[in-house]
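In order, the protein sequences belong to chains B and A.
Counting in the numbering used here, the first sequence runs from 8 upward without gaps.
Counting in the numbering used here, the second sequence runs from 8 upward without gaps.
Quick reminder that beta carbons are idealized off the backbone N, C-alpha and C, glycines included.
Protein chains: 2
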Amino acid sequence: MMKRIDPIQINWKPAKNKVIPVYKQIIQYVCDRVASGEWVIGARLPSQRTMAKLFNVNRSTISIAIDELTSYGIISGKSGAGTQIVSNTWALMLPTKPSWKKLISSGYFQENNYRLQQINQLEFEPNIARLGTGELDLRLFPQKMWTEVLQKMSTEITSWGYAEPLGILELREAIVEHMRQFGINVSTENILVTSGALQALQLIASCMLKEGSTVFTEAPTYLKSLQMFQSAGLKLNGITMDHDGLEYWKIKNQIKNSESSILYTIPTNQNPTGITMSDIRRKELMDFCIKNRLPIIEDGAYQELCFDNDQFKPLKSIDDNGMVMYLGSASKTLAPGLRIGWVIASKPVIQRLGDAKMQMDYGASSLSQLVFAEFLKSGKYSSYLVDLKKTLKKRRDNALECLTKYFSQLATWNKPIGGFYIWLTFNESIEVDDIFERALKKKILLNPGDIYDFKHNRSIRISFAYLECDEFKESIKKLALLLMDK
Amino acid sequence: MMKRIDPIQINWKPAKNKVIPVYKQIIQYVCDRVASGEWVIGARLPSQRTMAKLFNVNRSTISIAIDELTSYGIISGKSGAGTQIVSNTWALMLPTKPSWKKLISSGYFQENNYRLQQINQLEFEPNIARLGTGELDLRLFPQKMWTEVLQKMSTEITSWGYAEPLGILELREAIVEHMRQFGINVSTENILVTSGALQALQLIASCMLKEGSTVFTEAPTYLKSLQMFQSAGLKLNGITMDHDGLEYWKIKNQIKNSESSILYTIPTNQNPTGITMSDIRRKELMDFCIKNRLPIIEDGAYQELCFDNDQFKPLKSIDDNGMVMYLGSASKTLAPGLRIGWVIASKPVIQRLGDAKMQMDYGASSLSQLVFAEFLKSGKYSSYLVDLKKTLKKRRDNALECLTKYFSQLATWNKPIGGFYIWLTFNESIEVDDIFERALKKKILLNPGDIYDFKHNRSIRISFAYLECDEFKESIKKLALLLMDK
Ligand SMILES: Cc1ncc(COP(=O)(O)O)c(C=O)c1O
Ligand SMILES: Cc1ncc(COP(=O)(O)O)c(C=O)c1O
Numbered sequence: 008m009m010k011r012i013d014p015i016q017i018n019w020k021p022a023k024n025k026v027i028p029v030y031k032q033i034i035q036y037v038c039d040r041v042a043s044g045e046w047v048i049g050a051r052l053p054s055q056r057t058m059a060k061l062f063n064v065n066r067s068t069i070s071i072a073i074d075e076l077t078s079y080g081i082i083s084g085k086s087g088a089g090t091q092i093v094s095n096t097w098a099l100m101l102p103t104k105p106s107w108k109k110l111i112s113s114g115y116f117q118e119n120n121y122r123l124q125q126i127n128q129l130e131f132e133p134n135i136a137r138l139g140t141g142e143l144d145l146r147l148f149p150q151k152m153w154t155e156v157l158q159k160m161s162t163e164i165t166s167w168g169y170a171e172p173l174g175i176l177e178l179r180e181a182i183v184e185h186m187r188q189f190g191i192n193v194s195t196e197n198i199l200v201t202s203g204a205l206q207a208l209q210l211i212a213s214c215m216l217k218e219g220s221t222v223f224t225e226a227p228t229y230l231k232s233l234q235m236f237q238s239a240g241l242k243l244n245g246i247t248m249d250h251d252g253l254e255y256w257k258i259k260n261q262i263k264n265s266e267s268s269i270l271y272t273i274p275t276n277q278n279p280t281g282i283t284m285s286d287i288r289r290k291e292l293m294d295f296c297i298k299n300r301l302p303i304i305e306d307g308a309y310q311e312l313c314f315d316n317d318q319f320k321p322l323k324s325i326d327d328n329g330m331v332m333y334l335g336s337a338s339k340t341l342a343p344g345l346r347i348g349w350v351i352a353s354k355p356v357i358q359r360l361g362d363a364k365m366q367m368d369y370g371a372s373s374l375s376q377l378v379f380a381e382f383l384k385s386g387k388y389s390s391y392l393v394d395l396k397k398t399l400k401k402r403r404d405n406a407l408e409c410l411t412k413y414f415s416q417l418a419t420w421n422k423p424i425g426g427f428y429i430w431l432t433f434n435e436s437i438e439v440d441d442i443f444e445r446a447l448k449k450k451i452l453l454n455p456g457d458i459y460d461f462k463h464n465r466s467i468r469i470s471f472a473y474l475e476c477d478e479f480k481e482s483i484k485k486l487a488l489l490l491m492d493k
Numbered sequence: 008m009m010k011r012i013d014p015i016q017i018n019w020k021p022a023k024n025k026v027i028p029v030y031k032q033i034i035q036y037v038c039d040r041v042a043s044g045e046w047v048i049g050a051r052l053p054s055q056r057t058m059a060k061l062f063n064v065n066r067s068t069i070s071i072a073i074d075e076l077t078s079y080g081i082i083s084g085k086s087g088a089g090t091q092i093v094s095n096t097w098a099l100m101l102p103t104k105p106s107w108k109k110l111i112s113s114g115y116f117q118e119n120n121y122r123l124q125q126i127n128q129l130e131f132e133p134n135i136a137r138l139g140t141g142e143l144d145l146r147l148f149p150q151k152m153w154t155e156v157l158q159k160m161s162t163e164i165t166s167w168g169y170a171e172p173l174g175i176l177e178l179r180e181a182i183v184e185h186m187r188q189f190g191i192n193v194s195t196e197n198i199l200v201t202s203g204a205l206q207a208l209q210l211i212a213s214c215m216l217k218e219g220s221t222v223f224t225e226a227p228t229y230l231k232s233l234q235m236f237q238s239a240g241l242k243l244n245g246i247t248m249d250h251d252g253l254e255y256w257k258i259k260n261q262i263k264n265s266e267s268s269i270l271y272t273i274p275t276n277q278n279p280t281g282i283t284m285s286d287i288r289r290k291e292l293m294d295f296c297i298k299n300r301l302p303i304i305e306d307g308a309y310q311e312l313c314f315d316n317d318q319f320k321p322l323k324s325i326d327d328n329g330m331v332m333y334l335g336s337a338s339k340t341l342a343p344g345l346r347i348g349w350v351i352a353s354k355p356v357i358q359r360l361g362d363a364k365m366q367m368d369y370g371a372s373s374l375s376q377l378v379f380a381e382f383l384k385s386g387k388y389s390s391y392l393v394d395l396k397k398t399l400k401k402r403r404d405n406a407l408e409c410l411t412k413y414f415s416q417l418a419t420w421n422k423p424i425g426g427f428y429i430w431l432t433f434n435e436s437i438e439v440d441d442i443f444e445r446a447l448k449k450k451i452l453l454n455p456g457d458i459y460d461f462k463h464n465r466s467i468r469i470s471f472a473y474l475e476c477d478e479f480k481e482s483i484k485k486l487a488l489l490l491m492d493k
């Protein structure tokens, strides 16, 4: 009863002068045939040798294409018996669909993509010294407090259904209270709890901004924000910083009245430069934005980590005209795994974002929300922060000392007042790409500045939050020796 | 030094014959003036009386517009002193921007929107009997197990950073093991942990499907899936069901080769009808989809809740050609507040979805992931499910008894083999909208079938999962009396 399947006939050739590599054209060709139903399940492809001849390409090119098609599950490569169409309808949708990933790997950041993936993988290598990682040292986790909070939750939580759209009221109340110390006085209706600050950006991008709008950002800036904005089809425009922060006056000539624009800024302990905007600059920036009707997303991920003095109040605290949407996060202080962030904005804006959030995932984990609420309400979070800031301050001081000792002849850097990062800029003679590879051989992982920037630079992002003082010193020393070795 | 601000001049009138209500036109007009900078911060609007004359409308119309603009924070309505522009750049983006919410309230479901919002609000009313709620009775929460699991977590978790892109390995391993009993044999690379099944749908819609693609769904079906697909710009096409499930042959004539199509189905204990697809229908459907290259999203949210027999294996278990993407969830069995769901698909598809998930929110709460993993691994989840199914079976039997007793003359219904729902269809003489209002007066909240459907129907969704047997009986009796009263 088996239906006889005709052998596949091919009369097509890849175009050799196209931007799309030949092996990709072949993949696309096979996918299209299968998707259209022209080639049915069970049909056999000609041998690789035959295809190489037919397509007038190298065997190795065919081989790459066949491997990828096999990994998609579109063909099965039983060697000997020849390659057979097995189909995989979902996978068929992959090679054609202009995807998030493709969007991300296009544009400004295309070239950095390889380095980025490399870094993401290397971070999981054992015994590698992560000198630039944007994450708190896991050893600083407040184990005792954590145990107490979870013990409490273990008897107090007696049930839970779907949570309120804006986030559990108890947590929003605690956030309202918490934000007062930063001069932000709002009510629970001005707060939306999100699954991290990144999701807040995603909500804003997909729900408040028109495709094709321009986002002004600091240059360099938080990498994932750039990827997010690009994925949402927004245009990016990087504005440089000086010692006092964003050089807002450079925005002026680039605002086009015909299209909508917004500003995304990290005024306090900026990622990746560690720059904190001065108070005067904050006021000027606010005036500028009011005058130019330029709404602001203020990313406060590192706002709570000022060691030296706390007078740098968020833009949101001097926002009388609803210009600013403030983002907070528990990731940089307590634990990124909680996935808790929040947005502060006017009520109708919060309402709109909340509606969209309900559409996307029904709200953040209630368990995470309740745990963070308990941390805030019990005062545990505050007292933990005091200790954390002391530790980070010590690490920052140590880092600056190490740099002075080993890098004075090699580079320049800034002195951050908080956060995680120092921006180290090498002298002319040093190539970052080259250092990256050489450092890697010594088990030191660097975060080259190019990843975060709109243009080439000779900097790296240094983080003093991930390594202990001794570990940091050792790595920095190794790195310096390596540089002088040259 | 205060700059004198000229009083606002208005020479514009709303159009009275437009689809857009006059008050909305006024709001839009004001927003546009402020957004363009024509009307500056501090400028005063004419009095309401003057505006009513200028616009040639009632005072009450002006009043509504002014109230809304005030709530947006765009004007401040200090009475007496007149109304002043205060601006609020973010809120200015609201009235114009075609938003998620607007998309959702358009199309098929526009008319249902009011009823829906009403239900969402009424669910929080005290002492209301929720006869149709799609949520498990909170009193069934396994308190003792919960305490044990959280106690364990309280000492075992010693730190956490950002989690692996696909979800914590431990949880993916536990899910792999768990899915075997349903005949699904995959590896950890085929699993992506999401923040609930809803987010999985969101990921698939935004990342695998072209805008304008057609989604075939059961009619009626899970409401939020419809909203999600619409928000993503997909076309919906509802296919009716018979006793054995989806009448797939009706899809045939509607597949257009020129555009991509997919099928979204809830084959087991369907929401809202309680229908479970027969084994024969499942096989036929799979054949049909393979032949027509129609990929399937199989929503298994109620798959684990079959009381009578377990022979209804997921479509995914007979999927040799990668046609099916399976969605699982902890929401309907354990706790929606955990926000844990998962997708099962081929490796490259999972990889792609995982990339997008990392872009959106960095992964689900680690705490929720670890808690659910512990439930699965310890065997607690399985033994809890055994008890839960017994309870639900009892409630279902009770529900069917009550219906036979009180509704035999009034309606017809099906006998579900599991899940939460019974689909009750009233006789000709009864109008659902009318019953809804009358039931509400007796403190009974109904879920009219129209909400879930592509066209008018005379059904309601009954849930036996939310109320205890006695409570259910009492409500059903009241409802019957009310109907006979007429
Ligand atoms: C500036 C900035 N904002 C937001 C985030 C992400 O925060 P979350 O984990 O809350 O999504 C980061 C993390 O690197 C960051 O550096
Ligand atoms: C069929 C179906 N799928 C998915 C969901 C949502 O599940 P989750 O809470 O995992 O997002 C529901 C909830 O009502 C549902 O009925």
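(message) Using the three-state DSSP reduction, which class does N328/A fall into: helix, strand or coil?
(response) coil
(message) Using only the alpha-carbon positions, how far apart do G281/B and Q310/B sit?
(response) 11 angstroms
(message) With three or more beta-carbon pairs closer than 8 angstroms as the criterion, would you say the region 158 to 166 of chain B touches the region 181 to 194 of chain A?
(response) no
(message) Quick test of your reading: G348/B and L334/B, contact by CB under 8 angstroms. State the CB separation rounded to the nearest angstrom.
(response) 6 angstroms
(request) Note down, one range per segment and in chain order, each beta strand (DSSP E) of at least 3 residues found wholly within the region 283 to 320 of chain B. (result) 303 to 306
(message) Can you confirm whether D368/A, when its beta carbon is compared against all beta carbons of chain B, has any partner nearer than 7 angstroms?
(response) yes
(message) Is there a Cβ of chain B sitting closer than 7 angstroms to that of L486/A, yes or no?
(response) no
(request) May I ask you to check if the CB of D492/A is nearer than 6 angstroms to at least one heavy atom of ligand 2? (result) no
(request) May I have the straight-line CA-CA distance separating M365/B from Y229/B, to the nearest angstrom? (result) 26 angstroms
(message) Looking at the strands, I want to know which residues DSSP matches up with I198/B.
(response) I351/B
(message) Considering Cα atoms alone, identify which of T57/A, I92/A, V64/A, D39/A is closest to I12/A.
(response) I92/A
(request) Quick one: grab the DSSP three-state call for Y271/A. (result) strand
(message) Under 7 angstroms, Cβ to Cβ, is there at least one residue of chain A near N244/B?
(response) no
(request) Give a yes or no on whether the C-beta atoms belonging to Q124/B and D368/A are separated by under 7 angstroms. (result) no
(message) Against chain A, with Cβ distances strictly below 7 angstroms, would A352/B count as a contact?
(response) yes
(message) To test your reading of the DSSP string, which unbroken alpha helix (DSSP H) runs of 4 or more residues are found completely within the region 158 to 211 of chain B?
(response) 176 to 187
(message) Give the list of continuous beta strand (DSSP E) stretches no shorter than 3 residues that lie fully inside the region 52 to 109 of chain B.
(response) none
(message) Residues of the region 27 to 46 of chain B in Cβ contact with chain A at a cutoff of 9 angstroms, in chain order, please.
(response) V41, A42, S43, G44
(request) Note down the Cα distance separating K401/A from L178/B, rounded to an integer number of angstroms. (result) 37 angstroms
(request) Say yes only if the C-beta of N18/B is nearer than 6 angstroms to one or more non-hydrogen atoms of ligand 2, and no if none qualify. (result) no
(request) Please determine if the region 135 to 145 of chain B and the region 120 to 139 of chain A are in contact, where contact requires at least 3 C-beta pairs separated by less than 8 angstroms. (result) no
(message) Tell me the rounded alpha-carbon separation between I81/B and S94/B.
(response) 4 angstroms
(message) Using a Cβ-based criterion (distance less than 6 angstroms to any ligand heavy atom), does D251/A qualify as near ligand 1?
(response) no
(message) If I follow the unbroken beta strand (DSSP E) through T221/A, where does it start and stop?
(response) 221 to 225
(message) Under DSSP, the alpha helix (DSSP H) around A42/B begins and ends at which residues?
(response) 29 to 43
(message) Would you call the region 420 to 430 of chain A in contact with the region 273 to 288 of chain A, where contact means no fewer than 3 C-beta pairs closer than 8 angstroms?
(response) yes
(message) Cutting at 6 angstroms between CB atoms, please list the residues of its own chain near I442/B, excluding the five before and the five after it.
(response) none
(request) Closer than 6 angstroms is what we want: which residues have a beta carbon that near any heavy atom of ligand 2? List them in chain order. (result) Y369/B, G141/A, G203/A, A204/A, L205/A, Y229/A, I273/A, N278/A, D306/A, A308/A, S336/A, S338/A, P343/A, G348/A
(message) Applying the 10 Å Cβ sphere with the 16-neighbour rule, what's the burial state of Y473/A?
(response) buried
(request) Grab the span of the alpha helix (DSSP H) containing A22/B for me, first residue to last. (result) Per DSSP, A22/B belongs to no alpha helix (DSSP H) and is neither H nor E.
(request) Pick out the complete alpha helix (DSSP H) segments inside the region 384 to 446 of chain B, 4 residues or longer, and give them in chain order. (result) 387 to 414
(request) Have a look at M491/A, E155/A, E478/A, I287/A and flag the residue whose alpha-carbon is nearest the alpha-carbon of Q318/A. (result) I287/A
(request) Please compile the residues from chain B whose C-beta is within a distance smaller than 9 angstroms of the C-beta of R300/A. (result) V41, A42, S43, G44, S94, T96, L99
(request) Would you list the one or two residues that DSSP bridges to A136/A? (result) I451/A
(request) Would you please verify whether the beta carbon of Q530/A is less than 7 angstroms from any beta carbon of chain B? (result) Here chain A has residues from 8 to 493 only, and residue 530/A is not among them.
(message) Which residue marks the beginning of the alpha helix (DSSP H) containing I483/A, and which one marks its end?
(response) 476 to 491
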